[in-house]
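Protein chains: 2
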Amino acid sequence: MTFYDNFLFEEIKKEDFNKMMCCFSPKIESFKRNEIVCDFGKNPGIIGIIRTGTAITVRNSVNGNRTILESLEEGDIFGEAFTVCDKLSDGIYVVCEEDCQVMFMDYRSILHPCSNGCISHSRLLENFFFMLARRSVMLSRRVELLSRRSIREKILCYLSMESCSQKSRKIRLPMSLSNLADYLCVDRSAMMRELKKLNDEKIILSEKKTVTILNSNIETEM
Amino acid sequence: MTFYDNFLFEEIKKEDFNKMMCCFSPKIESFKRNEIVCDFGKNPGIIGIIRTGTAITVRNSVNGNRTILESLEEGDIFGEAFTVCDKLSDGIYVVCEEDCQVMFMDYRSILHPCSNGCISHSRLLENFFFMLARRSVMLSRRVELLSRRSIREKILCYLSMESCSQKSRKIRLPMSLSNLADYLCVDRSAMMRELKKLNDEKIILSEKKTVTILNSNIETEM
DNA sequence: ATAAATCTGTTGCAATTGCAACAAAAGGAG
DNA sequence: CTCCTTTTGTTGCAATTGCAACAGATTTAT
Chain A
1 MTFYDNFLFE EIKKEDFNKM MCCFSPKIES FKRNEIVCDF GKNPGIIGII
51 RTGTAITVRN SVNGNRTILE SLEEGDIFGE AFTVCDKLSD GIYVVCEEDC
101 QVMFMDYRSI LHPCSNGCIS HSRLLENFFF MLARRSVMLS RRVELLSRRS
151 IREKILCYLS MESCSQKSRK IRLPMSLSNL ADYLCVDRSA MMRELKKLND
201 EKIILSEKKT VTILNSNIET EM
Chain B
1001 MTFYDNFLFE EIKKEDFNKM MCCFSPKIES FKRNEIVCDF GKNPGIIGII
1051 RTGTAITVRN SVNGNRTILE SLEEGDIFGE AFTVCDKLSD GIYVVCEEDC
1101 QVMFMDYRSI LHPCSNGCIS HSRLLENFFF MLARRSVMLS RRVELLSRRS
1151 IREKILCYLS MESCSQKSRK IRLPMSLSNL ADYLCVDRSA MMRELKKLND
1201 EKIILSEKKT VTILNSNIET EM
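Chains as they are written, first to last, in the working numbering: chain A, 1 to 222; chain B, 1001 to 1222.
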């Protein structure tokens, strides 16, 4: 997969792409597991696109809690939403999970039509818009999840969402249980305890990274 | 304020606006306090713009918890992020706070250039993009807030954000304390208790809807 | 192959939080 | 002004959650 294959350049001709690249002057870098891809505290206004590999957006607070704000995969875009209040971007990083390659660009070069008058710029804008909309949807789901008041509700909400997107009652967890706890913003051991309870009550059946929803009226319980 | 004055139509000529309105076939409706402006469960794919008044996006879960997902003010746009998984839009409503007037449109009519070939459609798209970006930022902040593990951290995070956007240590709360508790997704009485503690510890000074941050290193405590 | 690191699974205990219930204050409607 | 609704402020108690600390399993690195 090349950067050209990214959804951002969908329906844009190769020559227009190359022309636009000159306007954007993008930087391409590679990262290994656990390396810091981007420190928002130091790079406000930057936009990155994951070409290969995976990464996570995390916040490390001074009292030692690590929170996973987002999971990033091939083709995902990051950065455009942390460009408001510098203070709040502090402690937020993108960290490489599986070795990845990333393209960095400046926020404004996408927004403003290039002086070269690249013909496909409006299409680019539209694509970017779609990506933002998708991101907005993802964030809404996240808020939806985090607004649940108890660990049980968070787990069930998460499973319901995954079940929905995986189109099956049998869900394969896309991350480790430790990371899931960080994602749900709860204590890992407390989450394990709750998972066990849900198993005992025969509401779910979980083994390793596979969870099956047994109780059919989960949606109505949330 | 007319709909034409909305940010969505920034830099779009009045005649182009009128022409586009034919393509969008928008519906304009008025609402009184506590009336349901929109039920996402019944209207997927709809987009609304608040012309006057205020509203909130809430989710009523069957076990009686009410969660405020968003506050909507004049010029705000809602709906575009709840168009994924129908099941999850269930129980989510926009409810009128202060009497308001709303314009409803179809999501797709903005995305796709009208067949009439309205000249300003690309500008409209760009404006819509900005609104989405702003929304994305807002949701990120929300996730940022809700990912805090304790009530104390949530309060301090909220105050820090408000202080940042109000550019002052003396903050005027834009909602009632009851609504703030719903916004932070915590029990109201527990929040009151924590507010009292913060006052006792001289970290904040709160009286009615005015809160002053006394301790200067709040950011580092989160 | 072996060591090191990470992840899973458990538990007791303490702290935080939610719940229920109430009284007082404030705000709106007639 | 007076009633009625909403909001604020409090508290005891029970339930949930986080913390700390393990041991075993699994994965990754050398």
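The beta-carbon is built from N, C-alpha and C at its ideal position, and this holds for glycine as well. Note that the structure is predicted; figures quoted are calculated from it, not measured.
Coil, strand or helix - residue i by DSSP
| i | result |
| --- | --- |
| residue 84 of chain A | Legend: pLDDT at residue 84 of chain A = 43, less than 50; position of this residue unreliable, value from coordinates given subsequently. The answer is coil: DSSP assigns residue 84 of chain A none of H, G, I, E or B. |
| residue 1106 of chain B | strand |
| residue 186 of chain A | coil |
| residue 1039 of chain B | strand |
| residue 1219 of chain B | Bear in mind that the predicted position of residue 1219 of chain B carries a pLDDT of just 48, short of 50, making it unreliable; the figure below should be weighed with that in mind. Residue 1219 of chain B falls in the helix class under three-state DSSP. |
| residue 151 of chain A | helix |
| residue 1008 of chain B | helix |
| residue 126 of chain A | helix |
| residue 33 of chain A | coil |
| residue 1208 of chain B | coil |
| residue 1163 of chain B | helix |
| residue 120 of chain A | coil |
| residue 1169 of chain B | coil |
| residue 214 of chain A | coil |
| residue 1098 of chain B | coil |
| residue 1019 of chain B | helix |
| residue 1072 of chain B | strand |
| residue 1027 of chain B | strand |
Counted within 10 angstroms of its Cβ, other Cβ atoms place residue i as buried (16 or more) or exposed
| i | result |
| --- | --- |
| residue 190 of chain A | exposed |
| residue 1018 of chain B | exposed |
| residue 1270 of chain B | Because chain B here runs from 1001 to 1222, residue 1270 of chain B falls outside it and cannot be looked at. |
| residue 1002 of chain B | exposed |
| residue 1086 of chain B | Only weak support is given to the placement of residue 1086 of chain B: the predicted model assigns it a pLDDT of 45, under 50, and the value that follows is read from those uncertain coordinates. It counts as exposed. |
| residue 168 of chain A | exposed |
| residue 1201 of chain B | exposed |
| residue 150 of chain A | exposed |
| residue 178 of chain A | exposed |
CB contact flag (residue i, residue j, <8 Å)
| i | j | result |
| --- | --- | --- |
| residue 1195 of chain B | residue 1205 of chain B | no |
| residue 24 of chain A | residue 57 of chain A | no |
| residue 1051 of chain B | residue 1103 of chain B | yes |
| residue 1101 of chain B | residue 1045 of chain B | no |
| residue 1122 of chain B | residue 109 of chain A | no |
| residue 36 of chain A | residue 93 of chain A | yes |
| residue 1020 of chain B | residue 1120 of chain B | yes |
| residue 125 of chain A | residue 1132 of chain B | no |
| residue 1143 of chain B | residue 139 of chain A | yes |
| residue 1047 of chain B | residue 1105 of chain B | yes |
| residue 136 of chain A | residue 1165 of chain B | no |
Member of the options whose CA lies at the smallest distance from the CA of residue i
| i | options | result |
| --- | --- | --- |
| residue 70 of chain A | A:129, A:96 and A:51 | A:96 |
| residue 1005 of chain B | B:1049, B:1126, B:1031 and B:1149 | B:1049 |
| residue 210 of chain A | A:175, A:38 and A:187 | A:175 |
| residue 197 of chain A | A:184, A:155, A:164 and A:166 | A:155 |
| residue 99 of chain A | A:32, A:153, A:200 and A:127 | A:32 |
| residue 1203 of chain B | B:1030, B:1170 and B:1181 | B:1170 |
| residue 1182 of chain B | A:147, A:153 and A:166 | A:147 |
| residue 41 of chain A | A:34, A:59, A:26 and A:55 | A:59 |
| residue 172 of chain A | A:16, A:207, A:153 and A:144 | A:207 |
| residue 1066 of chain B | B:1200, B:1159, B:1188 and B:1119 | B:1188 |
| residue 74 of chain A | A:180, A:8 and A:177 | A:8 |
| residue 1161 of chain B | B:1039, B:1127 and B:1212 | B:1212 |
| residue 1034 of chain B | B:1055, B:1022 and B:1015 | B:1055 |
| residue 1145 of chain B | B:1157, B:1130 and B:1136 | B:1157 |
| residue 1012 of chain B | B:1135, B:1180 and B:1128 | B:1128 |
| residue 1152 of chain B | B:1130, B:1186 and B:1136 | B:1186 |
| residue 107 of chain A | A:199, A:26 and A:14 | A:26 |
| residue 180 of chain A | A:15, A:199, A:136 and A:159 | A:159 |
Contacts of residue i in chain A (Cβ-Cβ under 9 Å)
| i | result |
| --- | --- |
| residue 1185 of chain B | 146, 147, 148 and 149 |
Proximal residues of chain B, C-beta to C-beta of residue i below 8 Å
| i | result |
| --- | --- |
| residue 125 of chain A | 1122, 1125, 1126 and 1129 |
Any non-hydrogen atom of the ligand HEM closer than 7 Å to residue i Cβ
| i | result |
| --- | --- |
| residue 1009 of chain B | As for the ligand HEM, it is missing from this structure, which has no ligand bound. |
Residues that residue i contacts on chain B, provided the C-beta gap is smaller than 7 Å
| i | result |
| --- | --- |
| residue 143 of chain A | 1069, 1139, 1142, 1143 and 1146 |
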